[in-house]
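All remarks here apply to the structure that follows.
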Amino acid sequence: MTEGTTNPEANRPTNRLSYLRVFATFARNSLVRDMMFRANFVIEAVSSIAWSIMNVGFYWIIFEHTNSIGAQTGWGRSEFFIFMGTTWIINSLVQAFFMPNSEEFSELIRTGGLDFALLKPIDTQFLISLRKVNWSSLINLVVGAVLIGLSIYDLSHRAESPWRFEPFILILYPFYICCGVAVLYSLMICLAATSVWLGRNQTLYDFWFYITNFSRYPMEIYSRGWGLPLYFIFTFVIPVLVVVNVPARLLAQPLTPRADWEWPLAGFTIVATIASLLFSRWVFNRSLLAYRSASS
Amino acid sequence: MSDVAAYEPPPSKPLGLGARLHCWWTIFRIALEERLAYRGDFALGTLMRFLPVITQIFLWWAIFESVSGGSDSGRMVGYSFHDMIAYYLLSMLGRAFSSMPGLASNVSKQIRDGEIKKYLIQPIDMIGFLWLARAAHKVAYYTVSTLPFALLFFLCRGYFTQGWPDPSVLLAFVISLLLAFALGFLMDLCIGLIGFWFLEVSSLLFVYMLLNFFLSGHMFPLDLLPSPWNEIVQFLPFKYLAYFPAAVFLGKVPADQLWFEIGLEFAWLIVLIVAARVLYARGLRRYSGYGG
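Note that the protein sequences, when read in sequence, are chains C and D. Sequential numbering of the first sequence, starting at 32, is according to the numbering used here. Sequential numbering of the second sequence, starting at 324, is according to the numbering used here.
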């Protein structure tokens, strides 16, 4: 930040461009840090690839015994692998950008280190949420993309109703990935912010994992019997079900022609994303109001 | 000078059984109290861990729906939908006995840091100490998690379509759970003891965890594996950690083979005890006690 010394005004990130520059600095610093421990980086990459392969193996075995998850849902092997790849992409983005920071946020509240973040002339939520980037988590994004690529190749070469390319997917898929990441981020920052009221909240992190666990499978599996309340809660109250389902459905086309509820759901996802972000902003600000600097 | 000789600590004469039992009981009690200090967090954590059960139930429900074409009679290598959920719950119980979080990494860390010196200068056997500490942790875990587990099994009682098994099968089930604890402990310990040679075992541990997760039957009944593999896993000790107890309870192990299988498990126990002892004795010979 040497250029800042010549012009003090440039040091104050008041416009969007400077926020981008601050983020770029955060990202660069984290990359430099990660590259200091290169062997560790490689080990993490190899282990996440190994876990992914094991997951594929698990479902490969399942699909040896059945041809789809749920009758008439269209989630056959390749379609489901697209779903799984989408899950990995979204999770890896959340883990790379937000997970280490949210973890640190509750730690900052507990130790009173949040004081220093509050003093900085920058939006506190921005600073808290994006301070670190965990680059090695992005490996799973690549693994997910490869899995999706292979599955699409497989689907477009099958005899009956092959996968066909629709140009709008190039825009909608990344867009809904971002929506999904935003919903999960909101959930995570809300949970982290509760540590202002609760003190230590290790179990809340488990809670986060177990809630997002619901998002990992096609939402149709819950739409029966006593699953219906869950289906509605996790769609309309805590919208984790739309996170993976919407982009994965749009890309994988499990049903041809598309189910009639697909587009309304996609529309709802936009509303849910905006609502989640606003809600998390509100919770975050409330938590800052309730924050009493500790042990300083 | 003869007075000084009188102060010689007892190790010259072997410890009496009473003293030894007292020592074991003390180790056990300390570890138990250490664990029960966080019982609230513990019980809540256990309840949380049951949330994925819901997802699993719906996932298998959907999978079986397309196996059977809508009817309830669909089977997958002899497992009905209800069996599959019962299997999943029982394998969770097995894992509660056999999983040893942090054991291997702790052992290798103590070797690396030179912390195991404390076992060498005290009249305490390291393997015995770790064993008792783990047993105490597990007992603490069961006292706290019995209620959540009982609630879970009560809510899911409908999935156990065959009801309670015969008393002899039930006995075999209990034995297999206890052996699952012993085998899980020894396998993790052996991985940790390899730290005498490699110092850093985390990547080895990762490979072990991966194999364990897949081959213990934690994710699915091992019968689901394709042809050569379902034979191979029967000869590995991993299956005793989750698959075997569940299979025993569900009557998947034929009655005439049941006790033979339990005997095999005992054989594995002896093999692993010998392996751990040999690794420890050989390792100590290499050990040079850095740090500490």
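All C-beta atoms, glycine included, are put in the ideal place defined by N, C-alpha and C.
Closer than 9 Å to chain D by CB, residue i
i: residue 110/C; result: no
i: residue 144/C; result: no
i: residue 39/C; result: Residue confidence for residue 39/C is low, a pLDDT of 47 falling below 50, so the modelled location carries little weight and cannot support an answer.
i: residue 267/C; result: no
i: residue 228/C; result: no
i: residue 35/C; result: Low confidence applies here, because residue 35/C scores a pLDDT of 40, under 50, leaving its location unreliable and the question unanswered by this model.
i: residue 104/C; result: yes
i: residue 272/C; result: no
i: residue 32/C; result: With a pLDDT of only 39 at residue 32/C, under the threshold of 50, the placement of this residue in the model should not be trusted; the figure read from the coordinates follows. Cβ-Cβ to chain D under 9 Å: no for residue 32/C.
i: residue 65/C; result: no
i: residue 133/C; result: no
i: residue 327/C; result: Caution applies to residue 327/C, whose pLDDT of 48 falls short of 50 and renders its modelled position unreliable; the value that the coordinates give is listed next. By this cut-off, residue 327/C is not an interface position.
i: residue 188/C; result: no
i: residue 291/C; result: no
i: residue 100/C; result: yes
i: residue 215/C; result: no
i: residue 44/C; result: Low local confidence applies: a pLDDT of 48 at residue 44/C is under 50, so the model's placement there is unreliable, with the coordinate-based value given in what follows. For residue 44/C, the answer is no, since every Cβ of chain D falls outside 9 Å of its Cβ.
i: residue 261/C; result: yes
i: residue 82/C; result: yes
Delimiting residues of the alpha helix (DSSP H) encompassing residue i
i: residue 67/C; result: 47–67
i: residue 406/D; result: 404–421
i: residue 294/C; result: 293–321
i: residue 274/C; result: 272–283
i: residue 505/D; result: 490–516
i: residue 535/D; result: 525–538
i: residue 123/C; result: 108–128
i: residue 593/D; result: 578–609
i: residue 438/D; result: Run containing residue 438/D: none; DSSP gives neither H nor E here.
9 Å Cβ cutoff, residue i in contact with chain C
i: residue 334/D; result: Here residue 334/D scores only 48 on pLDDT, less than 50, and its place in the model is too uncertain to base an answer on.
i: residue 604/D; result: no
i: residue 691/D; result: Absent from the model: residue 691/D. The displayed extent of chain D is 324 to 615, so no value can be given.
i: residue 556/D; result: no
i: residue 435/D; result: no
i: residue 571/D; result: no
i: residue 415/D; result: no
i: residue 537/D; result: yes
i: residue 547/D; result: yes
i: residue 372/D; result: yes
i: residue 586/D; result: no
Within chain C, partners of residue i - CB distance below 7 Å
i: residue 526/D; result: 74
i: residue 375/D; result: 241, 244
i: residue 529/D; result: 78
i: residue 381/D; result: 252, 253, 258
i: residue 469/D; result: Going along chain C, no residue has its Cβ under 7 Å from residue 469/D, so there is no contact; the nearest lies around 19 Å.
i: residue 399/D; result: 96
9 Å Cβ cut-off: residues of chain D touching residue i
i: residue 206/C; result: Going along chain D, no residue has its Cβ under 9 Å from residue 206/C, so there is no contact; the nearest lies around 27 Å.
Near the ligand GDP: residue i beta-carbon under 8 Å from a heavy atom
i: residue 454/D; result: For the ligand GDP, the structure offers nothing, since it holds no ligand at all.
For residue j and residue i, believed in contact at Cβ under 8 Å, the rounded distance
i: residue 472/D; j: residue 572/D; result: The pair is not a contact, with the Cβ atoms about 14 Å apart (cut-off 8 Å).
i: residue 271/C; j: residue 218/C; result: 7 Å
i: residue 100/C; j: residue 112/C; result: Their Cβ separation, rounded to whole angstroms, is 11 Å, which puts residue 100/C and residue 112/C out of contact at 8 Å.
i: residue 247/C; j: residue 275/C; result: 7 Å
i: residue 355/D; j: residue 462/D; result: 6 Å
i: residue 115/C; j: residue 178/C; result: 7 Å
i: residue 564/D; j: residue 505/D; result: Between residue 505/D and residue 564/D the Cβ distance is about 11 Å, and since that is not below 8 Å, they are no contact.
i: residue 76/C; j: residue 167/C; result: 6 Å
i: residue 98/C; j: residue 88/C; result: Contact doesn't hold; Cβ gap of about 18 Å is too wide.
i: residue 84/C; j: residue 176/C; result: Contact flag wrong, Cβ pair sits at about 15 Å.
i: residue 527/D; j: residue 521/D; result: 7 Å
i: residue 137/C; j: residue 61/C; result: Residue 137/C to residue 61/C, Cβ: 20 Å. No contact.
i: residue 431/D; j: residue 518/D; result: 3 Å
Chain-ordered chain D contacts of residue i [CB-CB under 7 Å]
i: residue 97/C; result: 386, 389, 390
Closer than 9 Å at the beta carbon, the chain C residues around residue i
i: residue 466/D; result: Going along chain C, no residue has its Cβ under 9 Å from residue 466/D, so there is no contact; the nearest lies around 19 Å.
Cross-chain neighbours of residue i in chain C, by beta carbon under 8 Å
i: residue 543/D; result: 89, 92, 93
i: residue 378/D; result: 244, 245, 247, 248
Chain-ordered neighbours of residue i on chain D, where CB pairs are closer than 8 Å
i: residue 85/C; result: 533, 536, 537
task: Pull out every residue of the segment 67–80 of chain C whose Cβ sits closer than 7 Å to any Cβ of chain D, in chain order.
output: 74, 78
Within 9 Å of chain D by C-beta, residues of the segment 240–258 of chain C in sequence order: 240, 241, 242, 244, 245, 247, 248, 249, 251, 252, 253, 255, 256, 258
query: Of the residues that make up the segment 114–128 of chain C, which ones have a beta carbon closer than 9 Å to any beta carbon in chain D?
result: none
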